[in-house]
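Participant:
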Amino acid sequence: MAVSRVCLHRFSLSISSIPPYISHLRPRIRHFAAVSASSHSTPNSTSTDITTTPPPSPRPRWKPMCLYFTQSLCTKMDDLAHLNAFSHTFSEELNINAAADMKHVRPQQFDHFLVLDLEGKVEILEFPVLMIDAKTLAVVDFFHRFVRPSEMGEQRINQYIEGKYGKIGVQSVWHDTAIPFTEVIKQFEDWMAKHQLWAREYGGHLNKAAFITCGNWDIKTKIPEQCKVSRMKTPSYFMEWINLKDIYLNFYKRRASGMMTMMRELHMPLVGSHHLGIDDTKNITRVLRRLINDGAVLQITAQRNSTGSVEFLFENRIR
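Under the numbering used here, the first residue of the sequence shown is numbered 340, with each subsequent residue one higher.
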C-alpha cells in the first residue's frame, strides 16, 4: 500500500521514540523512511508526456512483529507511527498463492496443525504456537507468551534473558510481559478450547489436530522437564507430535539437521530472527506448507506412553 508524504513525515519524526526492544532496527527503519520519501516525492521533470507507464507496485517491506500484539497486549493500534514500524499480522509473511501453490496438495488426516517452537534451555522462556488450517494452509490464529522461570533468582533471570534475547533486542518486552509457565498453560488451554482443539471431555487429547515441531526436543524433553520444575503433571495433549525433520527426510529422501538446513535446501530466506520463537514458528510453517504443497501427507512421528517412555514411529528418522 502506498504511504502518503504526511504519514512518512509523522513516521520519520517518531524514530527517536521507537520502543527499546527494536532499537537495533532503527537503521533499517530510517532507511525505509528515506527510500519511501524519495519514492513518493514529486518528480523534477518538465516533460509533457502523459502516457508514461506507472511503476510496478512495490513489495510490502518487512517489519518486525509487535511482540505486545502477539500476546494480546498492544495498546497502540491507533498509533500510525507504531503501525508503520511494526507488523500486526501474519498474512504478509505467510501469504498463500492458492492457484500456484496447492495443485499437488493431498488430503490430510488432521483438520489443524499447531506449529510449536519453544525457546529456553534451562527453563522455557517463550511458548509460541501458530494454528494452521490443514486444508487451506492459512494461519487461523496464534498463541504467544513469554515465560518467567520459577526456579531462578532475579539476578540469574536478568543474565539469562540478556544472554538469550539481548542480542535481538527483545529483552524489554520479555520483562514487561513474561508470566509463570502454569499460567501460560492455563491460558493455552483456554485458547485451544475456544477453537475446539481440546477439551477435557475429549479425554484431554487434541481434537483432529497435531503439534508440529522441528525436532523431538520441544515435546519429548522440554515440556516434561518444565512441568516437573513447575510441579505440574504433563498435560495429555503433549503425548504425541509430528517431527517435521522426519517428514522432510522421508518425503524428500534427504537429511536435514534443522530448520535452517531445510530452508536453505528449499531456497527460502529467513523471516525475522532465528531463535525468537514466534519468528521460528513462521519459518517452520513455511517449510510445513512447502512439504504439503509438494504432496507430503503428515503423520504422527512420536508418541509418549503412560509411563513416560517415547516410541518413535518412523524407522527412517533423524536421530
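Idealized CB from N, CA, C, for every residue including glycine.
Mind listing, in chain order, the continuous beta strand (DSSP E) runs of no fewer than 3 residues lying wholly within the region 503 to 576?
Facilitator: If we require 3 residues or more, the beta strand (DSSP E) runs fully inside the region 503 to 576 come out as 548 to 552.
Participant: Who are the near neighbours of THR640 in its chain, counting only those whose CB is closer than 6 Å to its CB and skipping five residues on each side?
Facilitator: The answer, listed in chain order, is ILE581, ASN582, ASP585, LEU652 and PHE653.
Participant: What do you get for ARG628, buried or exposed, if any count of 16 or more other CB atoms within 10 angstroms of its CB means buried?
Facilitator: It is buried - the Cβ of ARG628 has at least 16 other Cβ atoms within 10 Å.
Participant: Between which two residues does the alpha helix (DSSP H) containing ASP618 stretch?
Facilitator: First-last of the alpha helix (DSSP H) with ASP618: 616 to 632.
Participant: If contacts are defined as beta-carbon pairs under 8 Å, then TYR576 and HIS614 qualify, I think. What distance do you get, rounded to the angstrom?
Facilitator: Wrong, their Cβ atoms sit about 25 Å apart, outside the cutoff.
Participant: If you draw a straight line from the alpha carbon of SER596 to that of HIS514, how long is it in whole angstroms?
Facilitator: Using only the alpha carbons, I get a separation of about 32 Å.
Participant: May I have the straight-line CA-CA distance separating LEU419 from PRO403, to the nearest angstrom?
Facilitator: Near 15 Å, if we compare the C-alpha coordinates of PRO403 and LEU419.
Participant: Sort LEU464, ALA532 and ILE617 by Cα distance to THR428 and report the nearest one.
Facilitator: Closest by alpha carbon: ILE617.
Participant: Since PHE651 sits in a beta bridge, which residues does DSSP pair it with?
Facilitator: DSSP, once it has assigned bridges, lists ALA641 as partnering PHE651.
Participant: Taking PHE466 as the reference, give the member of THR620, GLU650 and GLY647 with the closest Cα.
Facilitator: The option with the nearest alpha carbon to PHE466 is THR620.
Participant: Do VAL468 and PHE485 have their CB atoms nearer than 8 Å?
Facilitator: Cβ distance not < 8 Å, so VAL468 and PHE485 don't count as in contact.
Participant: Just to confirm the assignment, what range does the alpha helix (DSSP H) spanning HIS421 have?
Facilitator: Its alpha helix (DSSP H) spans residues 419 to 424.
Participant: Ignore the nearest five residues each way along the sequence and tell me which others in GLN535's own chain have a CB closer than 7 Å to its CB.
Facilitator: Once the five neighbours on either side are set aside, the close Cβ partners of GLN535 are ASN546.
Participant: Tell whether a beta-carbon distance below 8 Å holds between MET550 and ILE463.
Facilitator: Residue identity differs from the one stated: residue 550 is Phe in this sequence, not Met. No, they are not a contact pair.
Participant: Is the distance from the Cβ of LEU455 to the Cβ of ASP557 below 8 Å?
Facilitator: Yes.
Participant: Within its chain, find whatever has a CB closer than 7 Å to the CB of SER612; leave out the 5 residues flanking it on each side and keep chain order.
Facilitator: Excluding positions up to five away in sequence, the list reads ILE507 and ASP618.
Participant: Roughly how many whole angstroms lie between the Cα atoms of GLU650 and ARG487?
Facilitator: For GLU650 and ARG487, the distance between alpha carbons rounds to 31 Å.
Participant: From GLU458, SER426, GLY459 and THR475, pick the residue whose C-alpha is nearest to that of GLN447; which is it?
Facilitator: Among GLU458, SER426, GLY459 and THR475, the Cα nearest to that of GLN447 belongs to THR475.
Participant: Less than 8 Å between C-beta atoms, sequence neighbours within five positions excluded: which residues of the same chain meet that for LYS572?
Facilitator: Once the five neighbours on either side are set aside, the close Cβ partners of LYS572 are CYS566.
Participant: What residues in its chain sit with their C-beta under 7 Å from that of LYS415, if we drop five residues either side in the sequence?
Facilitator: Excluding sequence neighbours, LYS415 sits near HIS421.
Participant: Hey, quick one: how far does the beta strand (DSSP E) through ILE581 stretch, first residue to last?
Facilitator: 579 to 582 is the span of the beta strand (DSSP E), which, as asked, contains ILE581.
Participant: Bridge partners for ILE469 per DSSP, in chain order?
Facilitator: Residue identity differs from the one stated: residue 469 is Leu in this sequence, not Ile. According to DSSP, LEU469 bridges with VAL454 and PHE481.
Participant: Identify every residue that forms a DSSP beta bridge with ILE487.
Facilitator: For the sequence presented, residue 487 should be read as Arg rather than Ile. In DSSP, ARG487 forms a bridge with PRO519.
Participant: Cα-Cα, which of VAL626, TYR591, GLY542 and THR560 is closest to MET598?
Facilitator: Nearest option by C-alpha distance: VAL626.
Participant: The alpha helix (DSSP H) that contains GLU604, what's its start and end?
Facilitator: Note, GLU604: alpha helix (DSSP H), 598 to 604.
Participant: By Cβ distance below 7 Å, which residues in the same chain neighbour ASN632 in space, the five residues on each side in sequence not counted?
Facilitator: Only ASP440, MET441, HIS443 and VAL444 meet the Cβ criterion.
Participant: Sort out for me which residues DSSP pairs MET404 with in a bridge.
Facilitator: BP columns for MET404 point to SER426.
Participant: Considering only C-alpha positions, which residue in the set GLU522, PHE449, LEU609 and TYR591 is nearest to GLN638?
Facilitator: For GLN638, the nearest C-alpha among the options comes from PHE449.
Participant: Please name the residue, chosen from ASN423, PHE590, TYR407 and TRP537, that lies closest to MET470 on a Cα-to-Cα basis.
Facilitator: The candidate whose alpha carbon is nearest that of MET470 is TRP537.
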